[in-house]
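Residue numbers (this note's numbering): 253 to 655. We put the beta carbon where it would ideally sit given N, CA and C, even for glycine.
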């Protein structure tokens with residue numbers, strides 16, 4: 253009998269070792285289903301099911317050897333269920349669905365890691381000659397292997413995840429194509445977390461790319477209570493559970509070194525509890541997107557600054573050359589119209605603060621009767637305030653210049 257028990261343990265070790273080496277499962281969930289089948293075969297049990305902690309759902313999820321168990325047992329047990337505080341042999345009633353025709357004689361074995369329950373094994377064997385002591389040893393052996401399997405696959409998945417992030421970061425550092433980097437980020441998220449929806453909440457002045465899931469980010473005061481706005485204003489990760497939609501929303505600010513440029517919105521198909529390591533990944537990838545947006549903005553600013561410097565240099569050279577005043581005025585008008593898309597440009601000289609002359613080379617508007625009221629109003633405001641004026645500063649005091 254003792255030999256038979258040792259053989260069962262050895263067989264389980266051998267099969268679990270093969271699962272690790274073969275790595276034939278796509279993910280840890282698939283691997284757990286295979287483990288349950290191996291346990292059922294090893295113990296020659298009539299029924300076998302495994303409940304294992306799912307951090308995303310904050311509950312113990314059911315894994316079965318065949319479809320029969322799915323009709324008998326609840327598919328999940330909440331992590332904070334009061335029934336779990338009882339001895340495992342006593343909470344069968346929390347596992348079995350109502351309407352089960354026959355009486356089940358189940359053994360429920362806790363799977364403990366450092367005193368914390370990672371899950372529990374549920375078995376039924378009508379003709380069982382396996383004592384409780386052996387089953388307890390068996391469950392301890394099983395949890396050790398499950399932790400090894402979980403750690404192995406978790407490390408493997410984390411490696412693939414950060415390899416993808418490295419690829420995105422490499423693209424970001426080697427390209428000024430912001431849209432390309434953002435598309436790469438969204439594609440990476442869809443590969444790693446395919447069941448989630450993703451949106452980039454950006455400012456309204458962002459150039460829309462049809463391939464990107466971009467939504468407008470509201471900056472209005474009455475939106476201050478909105479969770480996405482809070483993420484943007486505080487630069488901190490925000491999570492929202494929407495009761496009416498039964499979904500979880502995560503908002504990760506797109507931060508650069510100099511500011512926040514938008515928000516990454518992640519929507520889950522149902523309520524989830526985001527594990528810490530996944531939250532850290534979302535923050536990293538959102539920061540990569542923020543750096544891409546910041547670099548694009550800095551690049552555009554540098555181009556504008558470079559253009560302004562070229563304009564100043566060109567204008568300075570022409571103004572210091574031996575040109576007549578009319579030629580210099582015409583040149584300045586041409587440069588300002590080209591650089592600022594101006595429709596009308598005029599240069600005026602004043603005598604005693606009232607009488608003025610329009611320099612030749614200015615556009616025709618400033619020599620027309622229509623311009624008189626405009627010029628008088630602007631002259632009075634400049635004389636009174638002594639500062640440059642924008643059109644908005646005097647818009648209420650003058651009639652529209654053009655219909």
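- Residue 532 and residue 323 have their alpha carbons spaced roughly 38 angstroms apart.
- In this structure, the beta-carbon distance from residue 453 to residue 517 falls below 8 angstroms.
- Counted as a single uninterrupted DSSP element, the beta strand (DSSP E) harbouring residue 607 occupies residues 607-610.
- Where residue 520 is concerned, there is no enclosing alpha helix (DSSP H), because DSSP gives it neither an H nor an E.
- Per the DSSP secondary-structure output, residue 306 pairs in a beta bridge with 311.
- Of 594, 260, 592 and 626, the smallest CA-CA separation from residue 608 is found for 626.
- Proximity of the region 314-330 to the region 385-405 falls short of the contact definition, fewer than three beta-carbon pairs being nearer than 8 angstroms.
- The residue from 305, 544, 529 and 313 with its alpha-carbon nearest to that of residue 514 is 544.
- Counting the other CB atoms within 10 Å of its CB gives residue 480 a total of 16 or more, which places it among the buried residues.
- Leaving aside the five residues that flank residue 402 on each side, the residues in its chain whose CB is nearer than 8 angstroms to its CB run, in chain order, 280.
- Sixteen is the threshold: when 16 or more other Cβ atoms of the shown chains lie within 10 Å of the Cβ of residue 329, as they do, the residue is buried.
- The DSSP-derived three-state label of residue 282 is helix.
- Excluding the 5 residues flanking it on each side, residue 387 has same chain C-beta neighbours closer than 8 angstroms at 359, 361 and 375, in chain order.
- Its chain contains 435 as the residues whose beta carbon lies nearer than 7 angstroms to that of residue 463, once the 5 sequence neighbours on both sides are disregarded; these appear in chain order.
- For residue 428, the number of other beta carbons within 10 angstroms of its own is below 16, and it is reported as exposed.
- Boundaries cannot be given for residue 573, as no alpha helix (DSSP H) includes it and DSSP labels it neither H nor E.
- Take the alpha-carbon of residue 461 and the one of residue 541: they are about 15 angstroms apart.
- By the Cβ test, the region 304-324 is in contact with the region 280-289, since at least three Cβ pairs between them sit closer than 8 angstroms.
- Linking residue 536 to residue 490 through their CA atoms gives a straight-line distance of about 15 angstroms.
- Bounds of the beta strand (DSSP E) holding residue 503 are 499-507.
- The continuous alpha helix (DSSP H) containing residue 630 extends over residues 623-637.
- Taking the C-beta atoms as reference points, residue 602 is found no nearer than 8 angstroms to residue 572.
- Rounded to whole angstroms, the Cβ separation of residue 377 and residue 295 is 7 angstroms, and the two are in contact under 8 angstroms.
- If you look at residue 480, you'll find it in the alpha helix (DSSP H) that goes 479-486.
- Secondary structure at residue 493: strand, using DSSP grouped into helix, strand and coil.
- In the three-state reduction of the DSSP assignment, residue 436 falls in the helix class.
- Residue 601 is bridged by DSSP to 609.
- Distance from the CA of residue 586 to the CA of residue 557, rounded to the nearest whole angstrom, comes to 19 angstroms.
- Take residue 555, set aside five residues on each side of it, and no residue of its chain has a beta-carbon closer than 8 angstroms to its own.
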